[in-house]
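Structure first, commentary second.
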Amino acid sequence: MTSHTRRKRRRDPAVSGDPPAKHGPNIYNNEEIRIVLVGKTGAGKSSTANTILGEKKFEAKFSSKSLTKQCAKAFGEVDGQKVAVIDTPGLFDTCEDEEKIKRDIVQSISYASPGPHIFLVVIRLGRFTEEEKKTVQKIQTIFGEEADKYSMVLFTHGDLLEEEPIEEFLKEDKDLQELVSRCNGQYHVFNNKMKNRSQVRELLNKIRNITEKNGGRHYTTEMFQEAEKKIEEEKQRILKENEEQRHKQLEELKKEIEKKYEEDMKKMKADREKEKQLREAAERELKKEKQLKEAAPRESKKEKQPREAAKIDLEEKKQKDLKEARRKLKEKQEEEARRKAEGSYEVIEAIAIGTGIGTGIATGIVHTAIVAASLCCIS
140 MTSHTRRKRR RDPAVSGDPP AKHGPNIYNN EEIRIVLVGK TGAGKSSTAN TILGEKKFEA
200 KFSSKSLTKQ CAKAFGEVDG QKVAVIDTPG LFDTCEDEEK IKRDIVQSIS YASPGPHIFL
260 VVIRLGRFTE EEKKTVQKIQ TIFGEEADKY SMVLFTHGDL LEEEPIEEFL KEDKDLQELV
320 SRCNGQYHVF NNKMKNRSQV RELLNKIRNI TEKNGGRHYT TEMFQEAEKK IEEEKQRILK
380 ENEEQRHKQL EELKKEIEKK YEEDMKKMKA DREKEKQLRE AAERELKKEK QLKEAAPRES
440 KKEKQPREAA KIDLEEKKQK DLKEARRKLK EKQEEEARRK AEGSYEVIEA IAIGTGIGTG
500 IATGIVHTAI VAASLCCIS
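Shown next, in the form of structure tokens:
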């Protein structure tokens, strides 16, 4: 069963004349009709309020920002019918704070005390945007399903239709058709530039028809409170669901953090072990260098001793070789001198014999020659 069918069945008792479960004050021509205008900023709520009352009681200006900062209420008469119009700020604008929206909603209900006969869902003619869809959904969510029976769609800027019937415009948009269906199947078009009051009288007649369908009742604070109760229940359900989801996410996050912590700890231990090994290797290297430096003088001394000894040996060998060379040279010179001397003796002897000099004299001459030769060798 669709939600639309359920809503239709709820409305059937009132339409058929069956007595409603709750009774509210009936509207007579001399009693006040209370109208609450809801919709997004720029839809034309304030202009609509002024058009209904027939005079400018609300500031109205084409702007992307809401000129109505808080709920405002004004009174008037239409053909002797007392009318109270409650203009609301852009209650459902996406940029508004949720708490402020809630305060403004409560205020709008209290301004319409004991309760509004109609919620006029104000929509600017044109393309029914996604933002406006969400706005309407929010209206229905906040005021509850019961508010559907006390609602009607009001299209502003009717001059944009020119000669086209509103029905043709609705045929082109299924979302708008669904919205109108939820709001009692009722809609109205306002041209806020028109001075003709017939469009206002027609609107009030439609409001009276809706009120009669509702058994003369108006939307009550109890209905709003019931809607609030359902909203709160749904909120708590979502929070619980979110809490479970959050707990699950926290557990997963905790596992990820613990895993990362363990990995970081392993890495840190490995880094420390590596640093330790590098430090020990450096210490061993330093120790080795120190030992080499300490051993260097001893090695130098040991190396120096053989060099000195070799030097001494070479010097000794040199002196020895020189001495030996002198000895051999001396012997050679002596031998040569002796040989020469011997040669000179034979000559002298031969001379002595030949000349008749005596042998003694010749011998003396030879000895003198030998001595002279020896002295020459020595020098």
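Going by my numbering, 456 is the number at position 317 of the sequence shown; the sequence numbering is gapless. Don't be surprised by glycine CBs; every beta carbon is placed ideally from N, CA and C. Predicted model, so just to flag it, every value in this text is computed and none were measured.
Excluding the five sequence neighbours on either side, which residues of its own chain have a C-beta within less than 6 Å of the C-beta of residue i, listed in chain order?
i	result
Val222	Ile172 and Gly215
Lys399	none
Lys195	Asn189
Glu433	none
Leu453	none
Considering only DSSP beta bridges, list what residue i is partnered with.
i	result
Lys221	Glu216
His327	Leu293
Ala211	Asp226
Check for me: the alpha helix (DSSP H) holding residue i runs from which residue to which?
i	result
Leu342	Ser337 to Lys352
Ser185	Lys184 to Leu192
Phe267	Taken as a continuous stretch (DSSP letters only), Phe267 belongs to no alpha helix (DSSP H), as it is neither H nor E.
Ser137	This structure cannot settle anything about residue 137, because the visible part of the chain is limited to 140 through 518.
Lys196	Looking at the DSSP string, Lys196 is not in any alpha helix (DSSP H), and its letter there is neither H nor E.
Glu284	Premise fails: Glu284 is in no alpha helix (DSSP H) and is neither H nor E.
Glu307	Ile305 to Lys310
With distance defined between alpha-carbon atoms, name the residue in the options nearest to residue i.
i	options	result
Leu259	Val217, Leu309 and Arg321	Arg321
Thr359	Glu170, Phe308 and Tyr250	Tyr250
Val224	Gly193, Ile240 and Lys239	Gly193
Asp218	Ala448, Pro228, Lys212 and Arg340	Arg340
Val292	Lys387, Glu270, Lys345 and Glu414	Lys345
Glu361	Pro255, Leu453, Ala421 and Gly297	Pro255
Lys352	Lys408, Gln276 and Ile257	Ile257
Phe267	Ala286, Glu373, Leu315 and Leu461	Leu315
Leu343	Gly181, Ile191 and Ser185	Ile191
Ala286	Arg356, Lys429, Leu431 and Gln220	Arg356
Ala213	Ile240, Ser185 and Lys239	Ser185
Within the continuous beta strand (DSSP E) that includes residue i, where are the two ends?
i	result
Leu176	Ile172 to Val177
Phe258	Ile257 to Arg263
Am I right that residue i and residue j are in contact with their C-beta atoms under 8 Å? What's the rounded C-beta distance?
i	j	result
Thr350	Gly183	Contact flag wrong, Cβ pair sits at about 24 Å.
Thr187	Phe329	6 Å
Val175	Ser247	6 Å
Gly265	Leu299	7 Å
Gln209	Asp243	7 Å
Lys369	Gly283	6 Å
Glu271	Ile262	6 Å
Excluding the 5 residues flanking residue i on each side, which residues of the same chain have their C-beta closer than 7 Å to its C-beta?
i	result
Ala211	Phe197 and Asp226
Arg466	none
Lys332	Asp298
Leu318	Val275 and Val292
Cutting at 8 Å between CB atoms, please list the residues of its own chain near residue i, excluding the five before and the five after it.
i	result
Tyr289	Pro255, His256, Ile257, Phe258, Ile349, Asn353, His357 and Tyr358
Leu309	Leu315, Gln316, Val319 and Tyr326
Ile396	none
Val177	Lys184, Thr227, Leu230, Phe231, Ser247, Phe258, Leu259, Val260, Val261 and Ile278
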